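**Q**
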Amino acid sequence: MNNITDQLSFENTEIAFRHSSNADLKRAYWLFRVINVNFLVKVGPPITNFAMKLHLPIKGLIKATIFKHFCGGETIRECENTIRSLAEGKVGTILDYSIEGEDDEEVFDNTRDEIIRTIKRAVKDSSIPITVFKVTGVIRFGLLEKLDAGVDLSGAEQAEWQKAQARVLAICDKAHSVGIPVMVDAEETWIQKTIDALALDMMQQFNKEKAIVYNTYQLYRHDKLQSIKDDHIAAQKSGFILGAKLVRGAYMEKERKRAEEKGYPSPIQPDKQSADRDYDAALDYCTDHIDDIAFVAGTHNEDSCRFLADLMDKKGIDHKNPHVYFSQLLGMSDNLSFNLADADYNVAKYVPYGPIKAVLPYLFRRAQENTAIAGQMSRELSLIVKEVKRRRLVN
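Numbering-wise, the sequence shown is residues 202 to 596 according to the numbering used here.
#1: Just verifying my parser: in three-state terms, what is the DSSP assignment at Leu531?
#2: Please state whether DSSP places Ala412 in a helix, a strand or coil.
#3: Does DSSP classify Lys335 as helix, strand or coil?
#4: How would you write the range of the beta strand (DSSP E) that Gly343 sits in, first residue to last?
#5: Helix, strand or coil for Asn547? Go by DSSP, reduced to three states.
#6: Just the Cα atoms here: how many angstroms apart are Ile442 and Gln393?
#7: If I'm right that Cys506 touches Phe527 with Cβ under 8 Å, what's the distance once you round it to whole angstroms?
#8: Can you say whether Asn223 is buried or exposed, counting buried as having 16 or more other CB atoms within 10 angstroms of its CB?
#9: Within 10 angstroms of its Cβ, does Leu354 collect 16 or more other Cβ (buried), or is it exposed?
#10: May I ask which residues mark the beginning and end of the beta strand (DSSP E) holding Lys599?
#11: Quick one: measure Cβ to Cβ for Met513 and Val525, integer angstroms, because I've assumed they're closer than 8 Å.
#12: Which full runs of the alpha helix (DSSP H) of 4+ residues lie inside the region 439 to 466, going along the chain?
#13: Please report the distance separating the alpha-carbon of Val548 from that of Thr417.
#14: Applying the 10 Å Cβ sphere with the 16-neighbour rule, what's the burial state of Tyr415?
#15: Check each candidate in Lys516, Glu503, His520 and name the one with the smallest Cα separation from Glu212.
#16: Below 8 Å on the Cβ atoms is my contact criterion, and I expect Glu279 with Gly555 to pass it. Report the Cβ-Cβ distance as a whole number of Å.
#17: So, with DSSP's three-state summary, where would you put Gln470?
#18: When you compare the CB positions of Leu564 and Phe271, do they come within less than 8 Å of one another, or not?
#19: Hey, could you find the ends of the beta strand (DSSP E) Ala498 is sitting in?
#20: Taking a contact to mean a Cβ-Cβ separation below 8 Å, would you say Val333 touches Ala365 in this structure?
#21: Taking its Cβ as the centre, do 16 or more other Cβ atoms sit within 10 Å of Ser534, making it buried, or is it exposed?
#22: Where does Tyr554 sit, in a helix, a strand or coil, going by DSSP?
#23: Counting Cβ pairs, one atom from each stretch, are 3 or more of them under 8 Å apart for the region 405 to 412 and the region 348 to 363?
#24: With 16 other CB atoms within 10 Å as the buried threshold, where does Ser579 fall?
#25: Going by beta-carbon coordinates alone, are His433 and Ile494 separated by less than 8 Å?
#26: I'd like to check one pair, Ala265 with Ile585: are the Cβ atoms closer than 8 Å?
#27: Assuming Leu296 and Thr319 form a contact by the criterion Cβ under 8 Å, report the distance between their Cβ atoms to the nearest whole angstrom.
#28: Throw me the rounded Cβ distance for the His267 and Leu232 pair, which I believe falls under 8 Å.
#29: Going by C-alpha distance, which of Val352, Arg341, Lys291 is nearest Ser327?
#30: Could you check whether Ala323 and Ile316 sit closer than 8 Å to each other, using their CB atoms as the reference points?
#31: Tell me the rounded alpha-carbon separation between Ile429 and Glu306.
#32: Return helix, strand or coil for Val385, following the three-state DSSP convention.
#33: Looking at C-alpha atoms only, which residue of Ala435, Leu401, Ala451 is the closest neighbour of Gln419?
#34: If you draw a straight line from the alpha carbon of Gly499 to that of Leu399, how long is it in whole angstroms?
#35: Using a 10 Å radius around the Cβ and a threshold of 16 neighbouring Cβ atoms, would you call Ser299 buried or exposed?
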């Protein structure tokens, strides 16, 4: 195996933006300049929602700018160009049907069917190595909240819960039957216990021979490193492969605010250093048990990406080991995704898609989260500027 992490560079913008046309690059430049302005990110969502309610002609503008940059399209078919473009740079696609915040049984059934369509699209196509779904896309949030809180369900709610579990089972069963891994996204702490139990149950059923179902561990929570270890012990006892997606987390401000309002200890790490420490410790633990843990490192953190690349070389893990994937979001951290792929690591981008109006909450959250990450937008912008200059698109 080649030890090339010494040569691995996240500064190579030629490789990072090889898939981007000059027009793409210019659009990204202006988009990240706007996102860098916190005021616009804060006032944008209410103004956009107001305009959409009045049926003002704003949809075209959104689709040509922020939607085009961060999403693959409104349908799987519209994502095909993105899938091809990423594959040319040896980066896989994770089709992410980004509908959220619904509470209608018919919508839940339709979402289940759409997730299954993403799994079918991935069959016999190495450019779509993994699929994903969000449990609140197929189960009502309020029901999950009651289950997590240990509240007794009514007869109607018990019937609803049976139907809800059947949707999750249908998705995982399809993934298993065609051999395509499916990740269960993490959500808020006050519904996560039920999601964790569901995911572990699915792993017990479907991960006997191959990692099919992956649960997500948010390492900005102070208890999640231990959760990985506990679930690994459970997997060893029951004879299945643990599937884990490792992320830092996406609900920090909401979590801290709720904990303060309701008077319970915050589940979030006390500082960023603690989250970084636990994230890298999770990478170390998973690579120590690479035969019976398959994991996806979902991170935009350059230090963690390099740490994992170094761990793999140090522990003699092949870059193409199917139990290790790096993952980033479409439209972000191309310097990580494409340079890692160029060095022959397994890499896949989350490619959100869905009707523009339904995907808007995802897009707004993305912009707001990233302005909250100190330096992230400035880093994105500096890399784009570097490539713009390299191509001599500006004087």
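C-beta atoms are modelled at their ideal positions from N, C-alpha and C, and glycine is treated no differently.
Since this is a predicted model, take the numbers as computed values, not measurements.
**A** A quick look at the data gives this:
#1: Of the three classes helix, strand and coil, the one that applies to Leu531 here is coil, per DSSP.
#2: Ala412: coil per DSSP, three-state reduction.
#3: Coil, per DSSP.
#4: Per DSSP, Gly343 belongs to no beta strand (DSSP E); it is in the alpha helix (DSSP H), 342 to 350.
#5: DSSP places Asn547 in coil when its eight states are reduced to three.
#6: Near 21 Å, if we compare the C-alpha coordinates of Gln393 and Ile442.
#7: Cβ-Cβ separation between Cys506 and Phe527: approximately 6 Å, consistent with a contact (criterion under 8 Å).
#8: Burial check for Asn223: the Cβ neighbour count within 10 Å stays below 16, so the residue is exposed.
#9: Classification of Leu354: exposed, given that the 10 Å Cβ count is below 16.
#10: Here the chain comprises residues numbered 202 to 596, so residue 599 is not present and cannot be evaluated.
#11: Yes, they are in contact, since the Cβ atoms of Met513 and Val525 sit about 7 Å apart, within 8 Å.
#12: Runs of the alpha helix (DSSP H) inside the region 439 to 466: 453 to 463.
#13: Rounded to the nearest angstrom, the two C-alpha atoms are 17 Å apart.
#14: It is buried - the Cβ of Tyr415 has at least 16 other Cβ atoms within 10 Å.
#15: With respect to the C-alpha of Glu212, the residue from Lys516, Glu503, His520 having the closest C-alpha is Glu503.
#16: Not quite, the Cβ-Cβ distance comes to about 10 Å (not below 8 Å), so this is no contact.
#17: Secondary structure of Gln470 (DSSP, three-state): coil.
#18: Result yes, Cβ atoms of Leu564 and Phe271 sit closer than 8 Å.
#19: Going by DSSP, Ala498 is part of the beta strand (DSSP E) stretching over 494 to 499.
#20: No, the pair does not count as a contact, with Cβ atoms beyond the cut-off.
#21: Per the 10 Å Cβ criterion, buried.
#22: In this structure, DSSP gives Tyr554 an extended state, which the three-state scheme calls strand.
#23: The region 405 to 412 vs the region 348 to 363: no contact.
#24: By the neighbour-count criterion, in which a residue is buried when 16 or more other Cβ atoms sit within 10 angstroms of its Cβ, Ser579 is exposed.
#25: Contact: yes.
#26: It is not a contact, given that the beta carbons lie outside the stated cut-off.
#27: Contact annotation, Leu296 with Thr319: C-beta distance approximately 4 Å; criterion of less than 8 Å satisfied.
#28: One point to set straight first is that residue 267 is Ile, not His, in the sequence displayed. Correct: roughly 6 Å between the Cβ atoms.
#29: Answer by Cα proximity: Lys291.
#30: Cβ atoms of Ile316 and Ala323: not closer than 8 Å.
#31: Taking the CA atoms as reference points, Ile429 sits about 32 Å from Glu306.
#32: Strand.
#33: For the residues Ala435, Leu401, Ala451, the minimum Cα distance to Gln419 belongs to Ala451.
#34: Taking C-alpha positions only, Gly499 is separated from Leu399 by approximately 21 Å.
#35: The residue is buried, with at least 16 neighbouring Cβ atoms inside 10 Å.
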